[in-house]
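Right, one structure below, let's go through it.
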Amino acid sequence: MSLIAGRILSLLPAILFLNTAYGWITNPSEAAKDLGMPLLDDIGRSTQIGDFSAFFIGVGLFSLLGALTNKVTYIYCAIIILLSAAIMRIVAWQIHEAEFASFFIGVEIASVVILFISTLLIRSGISEKNEISVDQE
Numbered sequence: 529m530s531l532i533a534g535r536i537l538s539l540l541p542a543i544l545f546l547n548t549a550y551g552w553i554t555n556p557s558e559a560a561k562d563l564g565m566p567l568l569d570d571i572g573r574s575t576q577i578g579d580f581s582a583f584f585i586g587v588g589l590f591s592l593l594g595a596l597t598n599k600v601t602y603i604y605c606a607i608i609i610l611l612s613a614a615i616m617r618i619v620a621w622q623i624h625e626a627e628f629a630s631f632f633i634g635v636e637i638a639s640v641v642i643l644f645i646s647t648l649l650i651r652s653g654i655s656e657k658n659e660i661s662v663d664q665e
């Protein structure tokens, strides 16, 4: 049962971040607005759409792959990306006088917690499954 719960938990951030990536691909001006910024012009637009799409696709796919394959290594990759983003937002606030992005940091940290719990549940579920199969032999 914990394996299924872990997989479902991992799917929640996957859906959120892949949906956001879809927004960057289909309506980048609205996606930029949702993150509190204008859509840039010229090479800035290319960088903005490319980098943000890659971020959200990466986190979403790593979360999804972890859920589909039961390999928590994929989920750890999503966790590292999200923690890096949260930390860099704090650095931007502390060092570069950016506005403190409490909402976005909260979403990133909440997603990290959900994903970390999913890794614990998946690992526990795999252990339970292995114990059951050993007992049956």
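Using my numbering, the final residue of the sequence shown is 665, and nothing's skipped along the way. Positions of the beta carbon are idealized from the N, C-alpha and C atoms, including for glycine.
Would a C-beta distance cut-off of 8 Å place residue i and residue j closer than the cut-off?
i      : j      : result
Tyr602 : Phe590 : yes
Gly588 : Ala533 : no
Ser639 : Pro541 : yes
Thr554 : Val600 : no
Ile633 : Arg617 : yes
Ser557 : Leu567 : yes
Leu649 : Leu531 : yes
Gly586 : Ile609 : yes
Under the three-state reduction of DSSP, which class applies to residue i: helix, strand or coil?
i      : result
Asn658 : helix
Met529 : coil
Leu568 : coil
Phe628 : coil
Asn547 : helix
Lys599 : coil
How big is the Cα-Cα spacing for residue i and residue j?
i      : j      : result
Gly594 : Ser538 : 7 Å
Ile571 : Met565 : 16 Å
Arg573 : Ala614 : 23 Å
Ile654 : Ile645 : 14 Å
Gln622 : Phe628 : 8 Å
Gly626 : Ala560 : At residue 626 the sequence reads Ala, which differs from the Gly that was named. Each residue's Cα considered, the two are about 17 Å apart.
Ala620 : Glu656 : 44 Å
Cys605 : Asp569 : 31 Å
Met516 : Glu659 : Here the chain covers residues 529 to 665 and nothing more, so residue 516 does not appear.
Asn547 : His624 : 30 Å
When you compare each of the options to residue i by their alpha carbons, which one comes out closest?
i      : options                           : result
Leu592 : Glu627, Asp579 and Phe545         : Phe545
Arg535 : Phe580, Glu558, Ser630 and Leu596 : Leu596
Thr575 : Val619, Trp552 and Leu643         : Trp552
Leu611 : Glu656, Glu659, Leu643 and Ala560 : Leu643
If you measure from the beta carbon of residue i to each beta carbon in chain D, is any gap under 8 Å?
i      : result
Ala606 : Absent from the structure: chain D. Only one protein chain is present.
Comparing the CB of residue i with every heavy atom of the ligand FAD, is any distance shorter than 7 Å?
i      : result
Lys657 : The ligand FAD is not part of this structure, which contains no ligands at all.
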